[in-house]
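To start, the structure itself, in structure tokens.
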Amino acid sequence: MATPNSEDRIEITRGRIPNAELASQVRTDEDGAVATFDGCVRNHSHGRTTLYLEYEAYEEMAMAKMREIVAHIRANYAIRRVAMMHRLGRLEIGETSVFIAVSAAHRAAAFDACRYAIDTLKKTVPIWKKEFFSDGAVWADGELPPVPAETPAAKPASN
Amino acid sequence: MTVKVLYFGRLKELSGAAEEVVEVREGALIEELFSRCSLDRPELRKFRPSLVAARNQEFAAWNTPLRAGDEVGFLPPVSGG
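In the order they appear, the protein sequences are chains A and B. If you're matching positions, the first sequence starts at 187 in my numbering and goes up one per residue. If you're matching positions, the second sequence starts at 485 in my numbering and goes up one per residue.
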């Protein structure tokens, strides 16, 4: 499996995400662009007023999937460094739940890689959010990740 | 043989457990494991069309055979970000 570069910073945290630190960490003198995505907690959902969110994850798998995303953008875009951090636990309105920063010599690669990274994270990384309202709570509608196709005669597992 | 089963999000609430160790036949498929796990949990069974399975932290098809000690996660649609 492809691995991310050792300079990349990929983390799941229960504390506040250091947005500015991540954005500056990916900068090098060789780069002309840093694209960032700051996913933050919105105060409304489907017409209801949101009080706060709670995030949980299948942590080991989520880390593996985040590493895969970073490996993929490294292999497919002319980028330099990547930082990707997702927060778990209770988050208040306006707080950052996910932050991605990508540096590149030129802006197109930085924008494209950052866009691919957040779009793919939302589809494949096993993290869930529960939305709390004044009159109850619901698990957010999510996306079903793509799964390998079933085969009529799956090979038996071997040692 | 036994495998470890993990539930997340809504599934954790429906199953009433975050994880459990389940006895299945050698080479049982993930589908059989889910049938076993949802036998006494009709709410969980109803959720089958909208969940995916992971075997040892990789998404896996329902007809994937299991080995002793495998970790199987049942995952509702993901909603990170």
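No residue lacks a Cβ here, since even glycine has one placed at the ideal position from N, Cα and C.
For this session: Per DSSP, which residues does R273 (chain A) bridge with? Please list them.
Result: A:T199.
Exercise. Which term fits E336 (chain A), buried or exposed, when burial requires 16 or more other beta carbons within 10 angstroms of its beta carbon?
Worked result: So E336 (chain A) ends up on the exposed side.
Problem set entry | Residues from the region 204–217 of chain A in contact with chain B, defined by Cβ distance under 8 Å | Answer in chain order: no residues at all.
Problem set entry | For S522 (chain B) and W141 (chain A), believed in contact at Cβ under 8 Å, the rounded distance | It is not possible to answer for residue 141 (chain A), since the shown part of chain A is limited to 187 through 345.
Exercise. Roughly how many angstroms separate the alpha carbons of M271 (chain A) and S210 (chain A), rounded to a whole number?
Worked result: 14 Å
For this session: Reducing DSSP to helix, strand and coil, say where N345 (chain A) ends up.
Result: Caution applies to N345 (chain A), whose pLDDT of 48 falls short of 50 and renders its modelled position unreliable; the value that the coordinates give is listed next. DSSP places N345 (chain A) in coil when its eight states are reduced to three.
Exercise. Taking Cβ positions only, does S473 (chain B) come closer than 8 Å to chain A?
Worked result: As displayed, chain B neither begins before 485 nor continues past 565, which places residue 473 (chain B) out of reach and without an answer.
Exercise. Using DSSP with H/G/I as helix, E/B as strand and the rest coil, what is H230 (chain A)?
Worked result: strand
Problem set entry | Bounding residues of the beta strand (DSSP E) (the contiguous stretch that carries V489 (chain B)) | 486–491
For this session: Could you pull the start and end residues of the beta strand (DSSP E) that A538 (chain B) belongs to?
Result: 536–539
Exercise. Per DSSP, which one or two residues make a beta bridge with F438 (chain B)?
Worked result: Here chain B comprises residues numbered 485 to 565, so residue 438 (chain B) is not present and cannot be evaluated.
For this session: Could you say if the region 267–281 of chain A and the region 236–243 of chain A meet the contact criterion of at least three C-beta pairs nearer than 8 Å?
Result: Touching, yes, given that three or more Cβ pairs across the two stretches are closer than 8 Å.
Problem set entry | Complete alpha helix (DSSP H) runs within the region 237–304 of chain A (minimum length 4 residues, chain order) | 245–262
Exercise. Got a sec, what are the start and stop residues for the beta strand (DSSP E) A360 (chain A) sits in?
Worked result: Because chain A in this structure spans residues 187 to 345, residue 360 (chain A) falls outside the shown range and cannot be described.
Exercise. Expressed to the nearest angstrom, what Euclidean distance is found between the alpha-carbon atoms of E207 (chain A) and K316 (chain A)?
Worked result: 28 Å
Problem set entry | Cβ shell of E535 (chain B) (< 7 Å), same chain only, five flanking positions each side left out | Note that residue 535 (chain B) is Leu in the sequence shown, not Glu. So the qualifying residues of the chain are L495, F558, L559, P560.
Problem set entry | Within-8 Å CB hit, R532 (chain B) to chain A | Chain A places no beta carbon closer than 8 Å to that of R532 (chain B), leaving this residue out of the contacts.
For this session: Compute the Euclidean distance between the alpha carbons of Y309 (chain A) and A219 (chain A), then round it to the nearest angstrom.
Result: Tyr is not the amino acid found at residue 309 (chain A); the sequence shown has Lys there. Whole-angstrom Cα-Cα distance: 26 Å.
Exercise. Going by beta carbon distance, what residues of the same chain come within less than 8 Å of P312 (chain A), once the five residues before and after it are set aside?
Worked result: A243, Y244, M247, A248, K251, P331
Exercise. Chain A beta carbons: is any one of them nearer than 8 Å to that of F518 (chain B)?
Worked result: no
Problem set entry | As assigned by DSSP and simplified to three states, the class of E542 (chain B) | strand
For this session: Please check the pair L550 (chain B) and V489 (chain B), which I expect to be a contact at CB under 8 Å, by giving their CB distance rounded to whole angstroms.
Result: At roughly 10 Å, the Cβ-Cβ gap does not stay under 8 Å, so L550 (chain B) and V489 (chain B) are not in contact.
For this session: With DSSP collapsed to three states, give me the class of T337 (chain A).
Result: coil
Exercise. What number of angstroms, rounded off, separates the C-alpha of T306 (chain A) from the C-alpha of I255 (chain A)?
Worked result: 7 Å
Exercise. At a Cβ threshold of 8 Å, is F543 (chain B) touching chain A?
Worked result: yes
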